[in-house]
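Engineer: If you're matching them up, the sequences are chains A and B in order. Take 5 as the starting number for the first sequence in the working numbering and just add one per residue. Take 5 as the starting number for the second sequence in the working numbering and just add one per residue. Even for Gly, the Cβ is constructed at its ideal location relative to N, Cα and C. My questions all concern the structure below.
Protein chains: 2
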Amino acid sequence: MVEDRKLDVLRAIVEDYVATNEPVGSKALVERHPLGVSPATIRNDMAALEDEGYITQPHTSAGRVPTDKGYRLFVDKLSTVKPLSGPERRAIEGFLAGAVGLDDVVNRTVRLLAQLTRQVAVVQYPSLTRSAVRHLEMVRLSETRLMVVLITDTGRVEQRVVELPDPLAEDAVADLRTRINSLIAGHPLADAPTLMVDLPETFAPDARANVSTVVATVLETLVEQVDERVVMAGTANLARGSALDFAGSIRPVLEALEEHVVLLRLFGEAQPQAVHVSIGEENPHEGLRAASVVSTGYGLEGVGAFASLGVVGPTRMDYPGTMGAVRAVARYVGQVLAEG
Amino acid sequence: MVEDRKLDVLRAIVEDYVATNEPVGSKALVERHPLGVSPATIRNDMAALEDEGYITQPHTSAGRVPTDKGYRLFVDKLSTVKPLSGPERRAIEGFLAGAVGLDDVVNRTVRLLAQLTRQVAVVQYPSLTRSAVRHLEMVRLSETRLMVVLITDTGRVEQRVVELPDPLAEDAVADLRTRINSLIAGHPLADAPTLMVDLPETFAPDARANVSTVVATVLETLVEQVDERVVMAGTANLARGSALDFAGSIRPVLEALEEHVVLLRLFGEAQPQAVHVSIGEENPHEGLRAASVVSTGYGLEGVGAFASLGVVGPTRMDYPGTMGAVRAVARYVGQVLAEG
DNA sequence: CTTGGCACTCGATCCCCCTGAGTGCCAGAC
DNA sequence: GTCTGGCACTCAGGGGGATCGAGTGCCAAG
């Protein structure tokens, strides 16, 4: 009973604070929300909430502000993900519909997400490991140089130049291409190492050095580059509330965002279906102590998630709306990828 | 004589203002520079410079600050590009030396440039048009779908998926690949349209629809995508002086930087060898009115420039140092591309 | 043409006071 | 036990001087 109202109060505080960006007091709260009790009662509840660490006062004679712990409770228990409006859904479809090729899809997605959430959007390229090899192409650049181009079924292309130990003739290249393709085409990238392990031995001894080199490069392309490419958009949104959010300086946030590796680690925990939220202090990176990350996995239907996307914003964020947008965009992108 | 000193004064003002970020007065000027005259004399010169529009006072009882016109004169006549120090040169070499592949070169370059200049660095991918076709690969995805992969001699790879009007057999694909390659391989991309114009007519009538479609796609890849890919780094540097530079808000700058098209237009004027500077009001884009762009072309030695790189920073910028860094990085990248 | 002197301007800073939002606590009502 | 009105208290923020000092423009003399 009383406990329930306390939670209502916390919810109201979070909502008001997100909306106004000002510490919320007991009086303002009863005016804006149908709590049915007097400010004095609310004050008691607030004192309790403060003792429990869910809210705090910037200074003695000010209203209350949610703590990271308060936002956490709000996200976990007090809010429901807000579905997008009809026009928003249609905007997403329209925006993604015209996409041509993987790069285009990823670029459109990240812009869309930034616009929709009015926050910094980050999209990871579909990871190589979980997709399958469509085709491996080799182009002979010179007698001892070969360009290896790997094409995946997600439409992704990776290239490497190989310096060969011995000269290699054009027909030997064709032979090698055919044999490697017959081994790995259609198989998941993760299986490639196993499939190719015996390949060099099937060649004449004096060709093995070359074959091994090429195989090593292919594996490198598959494994080592397991992917770290991300695209970002909407950084200008960081400068919107500027002094208000992010404790005055957006610099540490920008710095964190430039370290792509950091971002990928943030997304590491993202699950296929669920929307994951990491709030303030929960973030592993120092520069994101005043930021929250809302992320999820996306991918081809049925194949399971194979990359992540999300947004980074101030802890003072519209969580239900943002989570709704992130979830919706992830779904649509999954669909688009499945079709294209 | 007197004119000469006036220019010395302007140079001193620019240098001091860039160093201290505070309006510079006559007294401070004679203390820090060996001008050999008294503050009163300097004041007369300053009044003249102000009449001519090279400097201005933020308010009546303050020192002077250079105007855009003042910076322009400084860059054109009063400064010399500052060569990098030995350690800096070695750092560049070391940083770029380990690069593998075009993506890696571009990524390392942009980070290097951001670090060196402590500003936002932008690097355009080597443009397709001025490079030559190395190889055109075609992969049959299904009976009526073909993936076209274009590889240039700059190590760049572009892909497109084509929906064909009619089914196409595997050997027809091989034939088409051979014929297109023999036509355009080794030729500059710009020549491709001319070279391929008659190709469809050399095929049997019932195959022409497919051939035309493929040719159209290849041309599209070459021409339409003439390139708009850029990478950026160092945006956190914008938030360094924050309130000081950029008239309080870095938001319009961030917005401008997100419009890649805008950036490319900025670079459009960049010449192969010269370092181009665009100052404040000279910039075409509204959001960059308080910013300067320092850019240059870079490319393979002997082949001529084929892409641009540069940095974006506040008009209050160390022009000689920045121009030196931009020039040096462009040269090294050119070398690296020539070797790799 | 240069210089020292001088009166003047005006943003920045500090101090002080006041206001008002918001609090915690308590005694009484339900 | 829970809620409520009342009340004293706290303190950030804002406005109004007063002061300070860097920097200026101008002028008469060198």
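1. Which one of A/192, A/323, A/310, A/29 has the shortest CA to CA distance from residue 295 of chain A?
2. First and last residue of the beta strand (DSSP E) that includes residue 300 of chain B?
3. Is the separation between the beta-carbon of residue 114 of chain A and that of residue 241 of chain A shorter than 9 Å?
4. Which word fits residue 2 of chain B, buried or exposed, when buried means at least 16 other C-beta atoms lie within 10 angstroms of its C-beta?
5. Anything in chain A within Cβ reach of residue 155 of chain B, meaning under 8 Å, just list it in chain order.
6. Can you pull out the residues from the stretch 99-116 of chain B whose beta carbon lies closer than 9 Å to at least one beta carbon of chain A?
7. If we define contact as Cβ-Cβ less than 9 Å, is residue 342 of chain B a contact residue for chain A?
8. Which whole-angstrom value describes the C-beta separation of residue 204 of chain A and residue 219 of chain A, a residue pair presumed to lie in contact below a C-beta threshold of 8 Å?
9. Report the residues of the stretch 279-291 of chain B with a CB closer than 7 Å to any CB of chain A, ordered along the chain.
10. In chain A, which residues lie less than 7 Å from residue 139 of chain B when you measure between Cβ atoms?
11. Quick check: the Cα distance between residue 383 of chain A and residue 75 of chain A, rounded to an integer number of angstroms?
12. Beta-carbon separation of residue 43 of chain A and residue 310 of chain A under 9 Å?
13. Taking 8 Å as the cut-off, does the stretch 182-198 of chain B touch the stretch 161-168 of chain B (at least 3 CB pairs, one atom from each stretch)?
14. Hey, does residue 148 of chain A have any beta-carbon neighbour from chain B nearer than 9 Å?
15. Could you work out which residues of chain A lie near residue 259 of chain B, taking near to mean beta carbons separated by less than 8 Å?
16. Since residue 139 of chain B sits in a beta bridge, which residues does DSSP pair it with?
17. Is the beta carbon of residue 156 of chain A closer than 9 Å to that of residue 172 of chain A?
18. With contact counted as at least three CB pairs below 8 Å, one residue from each stretch, are the stretch 19-28 of chain B and the stretch 324-333 of chain A in contact?
19. So residue 265 of chain B and residue 281 of chain B are supposed to be a Cβ contact under 8 Å. How far apart are they, rounded?
20. Residue 128 of chain A to residue 97 of chain A, Cα distance in whole Å?
21. Examine chain B for any beta-carbon lying closer than 9 Å to the beta-carbon of residue 174 of chain A, and answer yes or no.
22. Could you work out which residue in A/64, A/10, A/53, A/68 is closest to residue 32 of chain A when comparing CA atoms only?
23. Evaluate residue 318 of chain B with the Cβ neighbour count: other Cβ atoms within 10 Å of its Cβ, from every protein chain shown; 16 or more gives buried, anything less gives exposed.
24. Smallest Cα separation from residue 193 of chain B: which of B/331, B/269, B/118, B/162?
25. Determine, for residue 256 of chain A, whether the minimum Cβ-Cβ distance to residues of chain B falls below 9 Å.
26. Any beta-carbon of chain B closer than 9 Å to the one on residue 311 of chain A?
27. Counting only the same chain and skipping the five closest in sequence on each side, list residues whose C-beta sits under 7 Å from that of residue 118 of chain B.
28. Please return the same chain residues whose Cβ sits closer than 8 Å to the Cβ of residue 58 of chain A, not counting the five positions on each side in sequence.
29. Candidates B/63, B/100, B/120: which alpha carbon is nearest residue 88 of chain B's?
30. Tell me, which residues are paired with residue 283 of chain A by DSSP?
31. Report the three-state DSSP secondary structure of residue 332 of chain B (helix, strand or coil).
32. Which same chain residues end up closer than 7 Å to residue 260 of chain A when comparing Cβ atoms and leaving out the 5 residues on each side of it in sequence?
33. Relative to the alpha-carbon of residue 27 of chain B, which residue among B/189, B/61, B/175 has its alpha-carbon at the smallest distance?
34. Return the CA-CA distance between residue 188 of chain B and residue 79 of chain A, expressed in angstroms with no decimal places.
35. What's the gap between the Cα of residue 321 of chain A and the Cα of residue 94 of chain A?
36. Are the C-beta of residue 329 of chain A and some C-beta of chain B separated by less than 9 Å?
Structural biologist: This is what the structure holds:
1. Taking the first sequence and counting its residues from 1, one reaches residue 295 of chain A at position 291. Ranking A/192, A/323, A/310, A/29 by Cα distance to residue 295 of chain A puts A/323 first.
2. Taking the second sequence and counting its residues from 1, one reaches residue 300 of chain B at position 296. Its beta strand (DSSP E) spans residues 295-302.
3. Counting from 1 along the first sequence, the entry for residue 114 of chain A is found at position 110. Counting from 1 along the first sequence, the entry for residue 241 of chain A is found at position 237. No, these two residues do not count as a Cβ contact at 9 Å.
4. Beyond the ends of chain B as shown, which are 5 and 344, falls residue 2 of chain B; an answer cannot be given.
5. The residue given as residue 155 of chain B occupies position 151 in the second sequence. Near residue 155 of chain B (Cβ distances below 8 Å), the residues of chain A are 143, 151, 153, 163.
6. 104, 105, 106, 107, 115
7. Taking the first residue of the second sequence as 1, we reach residue 342 of chain B at position 338. Not an interface residue.
8. The count along the first sequence starts at 1 and reaches residue 204 of chain A at position 200. The count along the first sequence starts at 1 and reaches residue 219 of chain A at position 215. About 6 Å; that satisfies the 8 Å criterion.
9. none
10. By 1-based counting over the second sequence, the position of residue 139 of chain B is 135. Here the neighbours are 143.
11. What is shown of chain A runs 5 to 344, which leaves residue 383 of chain A out entirely.
12. On the first sequence, position 39 is the one that residue 43 of chain A refers to. On the first sequence, position 306 is the one that residue 310 of chain A refers to. Cβ atoms of residue 43 of chain A and residue 310 of chain A: not closer than 9 Å.
13. no
14. Locating residue 148 of chain A in the first sequence gives position 144, where the first residue counts as 1. No, because no Cβ of chain B sits closer than 9 Å to the Cβ of residue 148 of chain A.
15. As a position in the second sequence, residue 259 of chain B is number 255, starting the count at 1. Correct list: 240.
16. Mapped onto the second sequence, residue 139 of chain B falls at position 135. In the DSSP output, where bridge partners are listed per residue, residue 139 of chain B has B/155.
17. By 1-based counting over the first sequence, the position of residue 172 of chain A is 168. By 1-based counting over the first sequence, the position of residue 156 of chain A is 152. Contact flag unset, no.
18. no
19. What you label residue 265 of chain B is simply residue 261 of the second sequence in a count that begins at 1. What you label residue 281 of chain B is simply residue 277 of the second sequence in a count that begins at 1. With a Cβ gap of about 21 Å, residue 265 of chain B and residue 281 of chain B do not count as contacting.
20. Here the question's residue 128 of chain A lines up with position 124 in the first sequence. Here the question's residue 97 of chain A lines up with position 93 in the first sequence. Spanning the two alpha carbons is a distance of roughly 20 Å.
21. Taking the first sequence and counting its residues from 1, one reaches residue 174 of chain A at position 170. Closer than 9 Å: no.
22. The residue you call residue 32 of chain A lines up with position 28 of the first sequence. With distances taken between Cα atoms, residue 32 of chain A lies closest to A/68.
23. Translated into positions along the second sequence, residue 318 of chain B becomes position 314. With 16 or more other Cβ atoms within 10 Å, it is buried.
24. Walking along the second sequence from the start, residue 193 of chain B turns up at place 189. Of the listed residues, the one whose Cα sits closest to residue 193 of chain B is B/162.
25. Looking up residue 256 of chain A in the first sequence gives position 252. Chain B contact via Cβ: present.
26. As a first step, residue 311 of chain A is located in the first sequence; it is residue number 307 there, counting from the start. No, residue 311 of chain A does not count as interfacial toward chain B.
27. Sequence index remark: in the second sequence, residue 118 of chain B carries index 114 (1-based). These residues qualify, in order along the chain: 124, 125, 237, 238, 241.
28. For the purposes of this step, residue 58 of chain A is taken as residue 54 along the first sequence, with counting starting at 1. Excluding positions up to five away in sequence, the list reads 14, 70, 71, 73, 74, 77.
29. Counted from its first residue, the second sequence places residue 88 of chain B at position 84. It is B/120 whose Cα lies nearest to the Cα of residue 88 of chain B.
30. Within the first sequence, numbered from 1, the residue matching residue 283 of chain A stands at position 279. Answer is A/296.
31. The residue given as residue 332 of chain B occupies position 328 in the second sequence. The three-state reading of DSSP puts residue 332 of chain B in helix, counting H, G and I together.
32. On the first sequence, position 256 is the one that residue 260 of chain A refers to. Excluding positions up to five away in sequence, the list reads 266, 289, 291, 292.
33. As a position in the second sequence, residue 27 of chain B is number 23, starting the count at 1. That would be B/61, whose Cα lies nearest to the Cα of residue 27 of chain B.
34. Counted from its first residue, the second sequence places residue 188 of chain B at position 184. Counted from its first residue, the first sequence places residue 79 of chain A at position 75. Rounded to whole angstroms, the gap between the alpha carbons of residue 188 of chain B and residue 79 of chain A is 59 Å.
35. Mapped onto the first sequence, residue 321 of chain A falls at position 317. Mapped onto the first sequence, residue 94 of chain A falls at position 90. Cα to Cα, the separation comes out at about 24 Å.
36. For this step, residue 329 of chain A is matched to residue 325 along the first sequence. Residue 329 of chain A does not count as touching chain B.
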